[in-house]
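Peer 1: Quick one: the structure is below, questions incoming.
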Amino acid sequence: MNRRDFTQTLGLGAAGLLLPKMPALARTITAEELLEPGLDIPVKKRLADAALNAATAKGATYADVRIGRYLNQYVMTRENRVQNIINTESFGVGVRVIANGCWGFAAIGDTQSEEDVARTAEKAVLFAKAHARLIKKPVQLAPQKGFGEVSWKTKVDKHSFEVPVKEKVDLLLTANGIALQNGANFVNNTLFMINEQKYFASTDGSYIDQDVHRIWPNFTVTAVDKASGLMATRDSLSAPMGRSYDYLQTAPADRLTGVTTRYNQGYDMLEDAEAAAKQARLKLKAKSVEAGKYDLVLDPSHTYLTIHESVGHATELDRVLGYEANLAGTSFATIDKWQSKKFNYGSNVVNFFADKTQPGSLGDVGWDDEGVKTKRWDLIKDGILVNYQAIRDQVHMLGEAESQGCCYADSWSTVQFQRMANVSLAPGKERLTVDEMIRDVKKGIYIIGDGSYSIDQQRYNFQFGGQLFYEIKDGQIVGMLRDVAYQSNTQEFWNSCVKVCDERDYRMGGTFFDGKGQPAQINSVSHGSSTARFNGVNVLNTGRKI
Amino acid sequence: MAIISQEEAKKILEKVLTFSKADEMSVSLSGGRTSNIRYALNSVSSGGEADNMSLLITAGIGKRMGSATVNEFNDKAIERTVRRAEEIARLAPENPEYMPMIGPQSYLETPMYADTTAKMDAEARAQVAFDSVDACEQKNLSAAGFLQDTTGFSAIANSKGLFGYNKATSVDFSVTVRTADSTGSGYVTRDFNDISKLKTRAVTGIAMQKALASTNARTLEPGKYTVILEPTAMGTLLQSMMSGMDARLADEGRSFLSRKGGGTRLGEKLIDERITIYSDPMNPEAPSEPFASEGRNRTGSFLGGGVVGDGRPQEKLTWFENGVVKNMSYSRFWASQKGVKAVPPPTGFIMAGGNQSLADLIKSTDKGILVTRLWYVRMVDPKTLLQTGLTRDGTFYIENGQIKFPVKNFRFNESAIIVLNNVEALGAPMRVNGNLIPPVKARDFTFTSLSDAI
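Keeping their order, the protein sequence lines are chains A and B. Under the working numbering, the first sequence has 61 at position 61, and the numbering climbs by one with no breaks. Basically the working numbering = 1-based index in the second sequence + 546.
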């Protein structure tokens, strides 16, 4: 699931209008209250101990408790007006236990009472025991040492919630004004800011306090030609980041010039709004693509989504084993392929790594949601599948004794499970710029930004669109195209990857809305890459008449 | 969590309104519990429960609006929250599209609540999982399924005398059954308000049969085929169309309902004359919420955050009649600009069908493909409603009125508008995700590539 699924859930899908779902069980608060401190650590520790003690007293062999305070601010505008400003707080306690070899979970909102929390822990044990008759094998949890009382926080230079709402509104409305002056008919412009304050404790002896920040400035500019009935949109080329308001300050190195400006660690909304409006108008007049085989040059603002769908999800061990078969699906990257040590997931220039530690990434935390220290590890090395993403109750199936640290729950009210770490394509080892890459392409398309996306339940067959499509002929960009989507098969596609630009071009894209599980949960995840070239990919024309 | 009765809810809401100093105030109270059990590889993998109740207070001052939430119901806490909502309103920017709150409305008493569902416990959920898993184990098949039940209520009131109350239960069950060697996969989903309607073993049997019948799938070349879309597949394809009935987007030129040259396609024949789609909150098979809400999130509407929407009553309304666009939804602001009735978007829809069974539709097909389920369906072009996605969990080739063999899954690129223009036959509707949808036979459905996924 990605951001457009979110709008579909809200019944706004056809519009592409971006409105965030109110987080489950959240309360509306003032902007000032977003800055109020949460519970003191000794209070949280007392609550946590009440839960852990109650669970073990009722027979749990393991228990963990998450005390979560989730703060969100959304500023939503269209054209010259503010549609909504929402500040929310969601606070509660989730307790997970193993009893009779089976998992159980229960959660309670808005309480600071040790009795409430203890009762919730007892309920979790009750669930575990009621369900235990239906398990085949008891849960086998990888051992984890306790870390004692520790803490971690996202590096914050300019705290989003300290910036006055008026300053945010002014920025968005100024950007909208620039877009309207440059040919846009409509602009939807939203700023999401998130702060997760999470306290984790477990019977292993960890008490982990974490303060996680994320930000996502995001707009869609629409140009309409009523006479012809055509419409074109261009989404912002920003990325959601594990950062705070400092992402909206750009240094010269953050700006990559070229056929259009792309952004790295800092984002210039005003500059991008102007470009977006002009490009949306150009898209109305762009040539409709001729279907056929093309060499694709893919910008990181686009590739992140292809990586997410075809590598990120396919290497989640719970999917591989069948635990997600009923909704998200399973995976073609089966255990036998990994065991063979020679499954060519991609060409030999393709190297993927998973990590939960990259600064500024959405997955960056100190410990995961079951108290495991985060790290970086290889998934695909020189094109060969070498590992998966797995958590404490799964790693034994890989013959490993230690979790990879990628367990996450999207709320105190939901149970934690394996979620995607940042999965990124390593930069090419040889020096190569985007211009040099394009110079060698005879018949190709250069794609920037993410568009429509779809992949099958085992992650073989996919189709992706984009925001900007530039036709390449004999090493030159000759103009814009429209109605472009490419279809391929994961293994074929990554084996058609012939070149990856070097680390100077490495950038991250990502999403707040990676979806998985039943009931569905979201996860924030980044995917880095440098611009990469794929030879002979099937492109179709998506133009239709109704 | 106990459900608060209509009388108790009214008392709390009226109390809140007595504290108001704003020009106008609306308040909503909602609460309930949601519980689930999840299994995979014939074994329970997780299960749990969350409950909550909250009061959402919205103050209107001039053209400014502010909201605040609380989950304590003593006078002091309520008054503090009212003051906070008013404070937030004063600080908010003016909304040029602000609409004054509406007065008293009469709401339908929709049959959404079943005591049997409200009384479900962990044992009852475990029994459903057991029945589903046990049936599969006996045939050496592997089940992955999910059962979720919710019980909740919502009440709304405002300073202009509006009051509404609704209580509801829901059950959502789905199971994917795979063969031991993973060469076959079948799926079934059912949703009800009343758990006693769920016949777990029988329903699981449908997915089992599809899993066994879908092994050794053969390859057919992609292209245009006559398809029979089972209700689950058709419902997925219709979702974007029915959530895109907004008149403003059409007036702005960015919808499939925009008319070339400007305006909307209201009154135009857009799809086959055999197609009629309406909404009816009182439908006994698929009842829906009696007051307007912005989105269709049955679980979310019970659990905190209050009722989304402005309290407009939902009533029986036809969206497409014999292929003609009969109604479009309007925000109250846009309706006031256009001088029309502010019709809220539907919270559920019913596509009229025929009397034929799925078997009848297959029998009358010379050559075609039976599609069980569509997966990862995404919009490619909102102007044409072109969507892409894949078939999944049982796709079969039909010849001379019989299912001949399973086929490999396809990717499609197709528009619901084109499908509904190419209709050959409609079967008897059944409930899917709160809607009633018939199986649909349509010609020239566009499959663009093959998938190896099972």
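Note that beta-carbon positions come from the ideal geometry of N, C-alpha and C, so glycine has one too.
Whole angstroms is fine: what's the gap from S160 (chain A)'s alpha carbon to D246 (chain A)'s?
Peer 2: Translated into positions along the first sequence, residue 160 (chain A) becomes position 160. Translated into positions along the first sequence, residue 246 (chain A) becomes position 246. Straight-line Cα distance between these residues: approximately 8 Å.
Peer 1: According to the neighbour-count rule (16 or more other Cβ atoms, all chains shown, within 10 Å of its Cβ), is E560 (chain B) buried or exposed?
Peer 2: Against the second sequence, residue 560 (chain B) aligns to sequence position 14. Flag for E560 (chain B) reads exposed.
Peer 1: Figure out for me which residue from A:D505, A:G517, A:G528 has the closest Cα to the Cα of T511 (chain A).
Peer 2: What you label residue 511 (chain A) is simply residue 511 of the first sequence in a count that begins at 1. Among A:D505, A:G517, A:G528, the Cα nearest to that of T511 (chain A) belongs to A:G528.
Peer 1: Which full runs of the beta strand (DSSP E) of 3+ residues lie inside the region 697-782 of chain B, going along the chain?
Peer 2: Whole beta strand (DSSP E) segments, 3+ residues: 709-725, 731-738, 770-775.
Peer 1: Quick check on the DSSP output: the alpha helix (DSSP H) that includes N495 (chain A) runs from which residue to which?
Peer 2: Taking the first sequence and counting its residues from 1, the one referred to as residue 495 (chain A) is at position 495. Residues 490-495.
Peer 1: Select from A:A251, A:D514, A:N218, A:D225 the residue whose C-alpha is nearest the C-alpha of L237 (chain A).
Peer 2: Against the first sequence, residue 237 (chain A) aligns to sequence position 237. The shortest C-alpha separation from L237 (chain A) is found at A:N218.
Peer 1: Decide if A253 (chain A) is buried, meaning its Cβ has at least 16 other Cβ atoms within 10 Å, or exposed.
Peer 2: Locating residue 253 (chain A) in the first sequence gives position 253, counting from the first residue. With fewer than 16 Cβ atoms within 10 Å of its Cβ, A253 (chain A) is classed as exposed.
Peer 1: Quick one: which chain A residues come within Cβ less than 7 Å of S997 (chain B)?
Peer 2: Translated into the one-based positions of the second sequence, residue 997 (chain B) becomes position 451. Within 7 Å Cβ-Cβ: D456, Y460, N461.
Peer 1: Could you tell me the boundaries of the alpha helix (DSSP H) in which M269 (chain A) lies?
Peer 2: What you label residue 269 (chain A) is simply residue 269 of the first sequence in a count that begins at 1. Where M269 (chain A) is concerned, the enclosing alpha helix (DSSP H) stretches over 269-285.
Peer 1: Pairs of beta-carbons, one from the region 646-661 of chain B and one from the region 671-687 of chain B, closer than 8 Å: are there three or more?
Peer 2: Cβ pair count under 8 Å is below three, so no.
Peer 1: Whole-angstrom Cβ separation of W152 (chain A) and A128 (chain A), contact assumed at under 8 Å?
Peer 2: Here residue 152 (chain A) refers to the residue found at position 152 when the first sequence is read from its first residue. Here residue 128 (chain A) refers to the residue found at position 128 when the first sequence is read from its first residue. W152 (chain A) to A128 (chain A), Cβ: 29 Å. No contact.
Peer 1: So V395 (chain A) and A63 (chain A) are supposed to be a Cβ contact under 8 Å. How far apart are they, rounded?
Peer 2: Counted from its first residue, the first sequence places residue 395 (chain A) at position 395. Counted from its first residue, the first sequence places residue 63 (chain A) at position 63. Their Cβ separation, rounded to whole angstroms, is 20 Å, which puts V395 (chain A) and A63 (chain A) out of contact at 8 Å.
Peer 1: Tell me whether S452 (chain A) is buried or exposed, calling it buried when 16 or more other Cβ atoms sit within 10 Å of its Cβ.
Peer 2: Locating residue 452 (chain A) in the first sequence gives position 452, where the first residue counts as 1. Result: buried.
Peer 1: Does DSSP put A60 (chain A) in a helix, in a strand, or in coil?
Peer 2: What you label residue 60 (chain A) is simply residue 60 of the first sequence in a count that begins at 1. If DSSP states are grouped into helix, strand and coil, A60 (chain A) belongs with coil.
Peer 1: Kindly say whether R584 (chain B), judged by its beta-carbon, lies nearer than 8 Å to any beta-carbon of chain A.
Peer 2: Translated into the one-based positions of the second sequence, residue 584 (chain B) becomes position 38. Closer than 8 Å to some Cβ of chain A, the Cβ of R584 (chain B) qualifies, so yes.
Peer 1: Are there 16 or more other CB atoms within 10 angstroms of the CB of P164 (chain A), so buried, or fewer, so exposed?
Peer 2: Translated into the one-based positions of the first sequence, residue 164 (chain A) becomes position 164. Exposed is the call here.
Peer 1: Would you kindly check if the distance between the Cβ of S340 (chain A) and the Cβ of W494 (chain A) is under 8 Å?
Peer 2: Within the first sequence, the letter at position 494 stands for residue 494 (chain A). Within the first sequence, the letter at position 340 stands for residue 340 (chain A). No, the Cβ-Cβ distance between W494 (chain A) and S340 (chain A) is not below 8 Å.
Peer 1: Applying a beta-carbon distance threshold of less than 9 Å, which residues of chain A neighbour R957 (chain B)?
Peer 2: For this step, residue 957 (chain B) is matched to residue 411 along the second sequence. Under the 9 Å cutoff, chain A gives S454, D456, N461, F462, Q463, Q487.
Peer 1: Determine the burial state of S551 (chain B): buried for a count of at least 16 other Cβ atoms within 10 Å of its Cβ, exposed for fewer.
Peer 2: In the second sequence, the residue the question calls residue 551 (chain B) occupies position 5. Exposed: under 16 other Cβ atoms inside 10 Å.
Peer 1: Would a check of beta-carbon distances place G229 (chain A) closer than 8 Å to chain B?
Peer 2: Position 229 of the first sequence, counting from 1, holds the residue named residue 229 (chain A). So, interface residue.
Peer 1: Tell me V616 (chain B)'s beta-bridge partners as DSSP assigns them.
Peer 2: Counting from 1 along the second sequence, the entry for residue 616 (chain B) is found at position 70. Note: V616 (chain B) sits in a beta bridge opposite B:L601.
Peer 1: Span of the beta strand (DSSP E) holding Y207 (chain A)?
Peer 2: The count along the first sequence starts at 1 and reaches residue 207 (chain A) at position 207. 206-225 is the span of the beta strand (DSSP E), which, as asked, contains Y207 (chain A).
Peer 1: Quick one: what's A532 (chain A) bridged to in DSSP?
Peer 2: One-based indexing of the first sequence puts residue 532 (chain A) at position 532. A532 (chain A) pairs with A:L298, A:V500.
Peer 1: Count the CB pairs spanning the region 495-515 of chain A and the region 395-415 of chain A that are closer than 8 Å, and state whether there are at least three.
Peer 2: At 8 Å Cβ cutoff, the stretches do not touch.
Peer 1: Answer with buried or exposed for A675 (chain B), where buried requires no fewer than 16 other C-beta atoms within 10 angstroms of its C-beta.
Peer 2: As a position in the second sequence, residue 675 (chain B) is number 129, starting the count at 1. A675 (chain B) should be labelled buried.
Peer 1: Assign L481 (chain A) to one of two classes, buried (16 or more other C-beta atoms within 10 Å of its C-beta) or exposed (fewer than that).
Peer 2: Walking along the first sequence from the start, residue 481 (chain A) turns up at place 481. L481 (chain A) is buried by the Cβ-count criterion.
Peer 1: In terms of DSSP beta bridges, what is P859 (chain B) paired with?
Peer 2: Here residue 859 (chain B) is taken as the residue at index 313 of the second sequence, counted from 1. Beta-bridge pairing links P859 (chain B) to B:F837.
Peer 1: Between which residues of its own chain and I908 (chain B) is the CB-CB distance below 6 Å, once the five residues before and five after are set aside?
Peer 2: Here residue 908 (chain B) is taken as the residue at index 362 of the second sequence, counted from 1. So the qualifying residues of the chain are I944.
Peer 1: Look at L296 (chain A) and Y486 (chain A) and say whether their C-beta atoms are less than 8 Å apart.
Peer 2: Stepping through the first sequence from its first residue, residue 296 (chain A) is reached at position 296. Stepping through the first sequence from its first residue, residue 486 (chain A) is reached at position 486. Yes, they are a contact pair.
Peer 1: Could you round the C-beta distance between D355 (chain A) and V139 (chain A) to whole angstroms and report it? I think they count as a contact, below 8 Å.
Peer 2: By 1-based counting over the first sequence, the position of residue 355 (chain A) is 355. By 1-based counting over the first sequence, the position of residue 139 (chain A) is 139. That belief does not hold up - the Cβ atoms of D355 (chain A) and V139 (chain A) are roughly 26 Å apart, past 8 Å.
Peer 1: Just to confirm my understanding: we take V498 (chain A), look at its own chain, exclude 5 residues before and 5 after, and list those with CB closer than 6 Å. What are they?
Peer 2: Working through the first sequence from its first residue, we reach residue 498 (chain A) at position 498. Closer than 6 Å at Cβ, skipping near neighbours: R533, N535.
Peer 1: Using only the alpha-carbon positions, how far apart do D272 (chain A) and T250 (chain A) sit?
Peer 2: Against the first sequence, residue 272 (chain A) aligns to sequence position 272. Against the first sequence, residue 250 (chain A) aligns to sequence position 250. Taking the straight line joining both Cα atoms gives about 12 Å.
Peer 1: Nearest chain A C-beta to Q651 (chain B) closer than 8 Å, yes or no?
Peer 2: Taking the second sequence and counting its residues from 1, the one referred to as residue 651 (chain B) is at position 105. Not closer than 8 Å to any Cβ of chain A, the Cβ of Q651 (chain B) fails to qualify, so no.
Peer 1: I'd like to know whether the C-beta of R858 (chain B) is nearer than 8 Å to at least one C-beta of chain A.
Peer 2: Residue numbering aside, residue 858 (chain B) sits at position 312 when the second sequence is read from its first letter. False, the Cβ-Cβ gap to chain A never drops below 8 Å.
Peer 1: Reducing DSSP to helix, strand and coil, say where G292 (chain A) ends up.
Peer 2: Here residue 292 (chain A) refers to the residue found at position 292 of the first sequence. Three-state DSSP puts G292 (chain A) in a strand.
Peer 1: Please tell me whether W103 (chain A) has its Cβ less than 8 Å away from any Cβ of chain B.
Peer 2: In the first sequence, counting from the first residue as 1, residue 103 (chain A) sits at position 103. Yes, W103 (chain A) lies at the interface with chain B (some Cβ there is under 8 Å from its Cβ).
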